[in-house]
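S.K.: Every number in our numbering is 98 more than the matching position in the sequence shown, counting from 1. Each residue gets a CB set at the ideal place from its N, CA and C atoms; glycine is no exception.
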Amino acid sequence: MRTKMLAFGGALAALLFLPSWPSWPSWEDEKEKGEITHSELREHVAFLASDELQGRAPGSEGWKKAGSYVASKFRELGLFPLGDDGTYFQEVGILGRRGRNILGLLPGKSSARGDEVVILSSHYDHLGVRNGQVMNGADDDASGVAVMLEVAEAFVRSGLRHDRGILFACFDLEETGLLGALAYVRDPAIPLEKTVANVNLEVLGNDILDGLPDSLFAIGAEYDPTGILRDHVETLSGDSGLDIRYLSHGLVGRRGDHFMFATKGVPFLFLAAGTGPTYHRPTDDTETLNYPKLEKTGRFVRDLVGAIVNGAEKPKFKKPGQAMGIDDARALSAILEVLLEESEGLSLRVGELEFLKGSAVKLRAMTREKDPAPLHRATIAISFGRALNIMTRPRPARRRDF
Ligand SMILES: [Zn+2]
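(1) Check Asp-308 in the structure and name its three-state DSSP category.
(2) Should Asn-487 be labelled buried (16 or more other beta-carbon atoms within 10 Å of its own) or exposed?
(3) Short check: CB of Leu-180 to CB of Ile-264, under 9 Å?
(4) Does the pairing of the segment 232–245 with the segment 281–291 give three or more beta-carbon distances under 8 Å?
(5) Quick check on DSSP: helix, strand or coil for Asn-296?
(6) Taking 9 Å as the threshold (C-beta atoms), are Asp-270 and His-221 in contact?
(7) How is the beta strand (DSSP E) around Gly-202 delimited, first residue to last?
(8) Among Val-216, Phe-415, Ala-144, Lys-171, which residue has its Cα nearest to the Cα of Val-407?
(9) On the three-state DSSP scale, how would you describe Glu-189?
(10) My assumption, with CB atoms under 8 Å, is that Lys-394 sits in contact with Ser-338. Please give the rounded CB distance.
(11) So for Ile-217, helix, strand or coil by DSSP?
(12) For the segment 191–208 and the segment 338–355, state whether three or more C-beta atom pairs, one from each stretch, are separated by less than 8 Å.
(13) Is Asp-239 closer than 9 Å to Leu-299 when the C-beta atoms are compared?
(14) Looking at Glu-273: is its Cβ nearer than 9 Å to the Cβ of Lys-171?
(15) Going by beta-carbon coordinates alone, are Ile-478 and Leu-438 separated by less than 9 Å?
(16) Could you have a look at Tyr-167 and say whether DSSP puts it in helix, strand or coil?
(17) Could you say which of Ile-326, Leu-225, Asn-229, Gln-188 lies nearest to Phe-266 if we only look at CA atoms?
(18) Under a three-way DSSP split, which group does His-347 fall into?
(19) Kindly indicate which three-state DSSP category Ile-317 falls into: helix, strand or coil?
(20) Return the chain-ordered ranges of every beta strand (DSSP E) run that is complete within the segment 223–291 and spans a minimum of 3 residues.
(21) Nearest-angstrom Cα distance between Lys-292 and Asp-213?
(22) If you draw a straight line from the alpha carbon of Met-489 to that of Glu-467, how long is it in whole angstroms?
(23) Taking Leu-201 as the reference, give the member of Ser-166, Glu-411, Ser-457, Arg-353 with the closest Cα.
(24) Flag Pro-435 as yes when its Cβ comes closer than 8 Å to any non-hydrogen atom of ligand 1, and as no otherwise.
(25) Would you list the residues sitting across from Phe-366 in a DSSP beta bridge?
(26) Quick one: Cα of Leu-402 to Cα of Val-448, how far?
(27) What residue ranges within the segment 452–490 form continuous alpha helix (DSSP H) runs of no fewer than 4 residues, ordered along the chain?
(28) Excluding the five sequence neighbours on either side, which residues of its own chain have a C-beta within less than 8 Å of the C-beta of Gly-157, listed in chain order?
(29) Looking at C-alpha atoms only, which residue of Ser-313, Gly-423, Val-227 is the closest neighbour of Gly-348?
(30) Going by the beta-carbon positions, is the gap between Ala-427 and Pro-470 smaller than 9 Å?
(31) Is DSSP giving Pro-390 helix, strand or coil here?
(32) Please determine whether the Cβ atom of Asp-149 lies at a distance below 8 Å from any heavy atom of ligand 1.
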């Protein structure tokens, strides 16, 4: 009787004094323990994007070294190997191409949700050597791999809470048409029904324009009808030090491995800082990345993944009625304003300045509407394409010293 009373008293105290979190300690309280530092991020990038690795073209010696590097980090962290025959490597043979994905699991801890996973992905292949120049791929996608590794380390070393599992996936053959990710979704290590979401990391180390500092794009949240993914981003963006904007999957298209998860109905979020003037160029080097920004991004990704793996509810997948909408108009409007301010340094072609000015006016008007009409959505798509074209034009890469 006495113990019952005590138990009852305890429950009552819990009801009265504790917030209604599912268990203790809360994710919010402990996440800061998982430190992520720009020096370690830089170390990963410096190795993966070094000339020694020769641009990590699939099948090359440098690519092998990159793969071994990621697998050795997984091993050091004690992640569970989810590749073939007890290794971290999942051999890929698809559409005449060969490669290997690298898969390491941090198993979930909750008895109710422990068999579910969030896949945190990046890709380690790049373009190799072109016209005698090494395409080092520091931003694309050594930056994503570095963040993925540091988030893995934060969860493992600091024992951060993870009710669900986290599958750290370093895909191959992304530059060859997302073939590594395609092979994965055809032969998943964990059933896709148990895959709560894919968070995919690409080109995180720079800003598309100097006038948009610390910008990060969150793409695809509109495919989650529960709004959970969007809510997490919204909640975490405030303290992140990042300027986060939403873009629609329909606007961005197949620009990353998350696309393959989308084709299979897995909720996803694609995080990218955008493709600047070093994109797919020999200037995409270690020294041109903004590591303090990458650190902020790492913390944000850690917190986002933590929120998803520990959330009571999980996101769902539903194709939205419209391919793009008001968020795109808002993000693009901001981009065009800055593009116009920076237009002098961009050597615009005849008519481009006029085009940008016209689009900026239309987009600004659209941001005051609730939902842009079909005609307006065409304007969004065309403006996005032209703006991207201008922003990724080669310019002297800025060397950064930190
Ligand atoms: Zn890439």
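M.R.: With the structure as the only source:
(1) coil
(2) exposed
(3) no
(4) no
(5) strand
(6) yes
(7) 195–204
(8) Val-216
(9) strand
(10) 6 Å
(11) strand
(12) no
(13) yes
(14) no
(15) no
(16) helix
(17) Gln-188
(18) helix
(19) strand
(20) 263–269
(21) 7 Å
(22) 27 Å
(23) Ser-166
(24) It should be noted that the sequence gives Glu, not Pro, for residue 435. Glu-435: no, Cβ never under 8 Å from ligand 1.
(25) Asn-296
(26) 43 Å
(27) 472–489
(28) Arg-196, Gly-197
(29) Gly-423
(30) yes
(31) helix
(32) no
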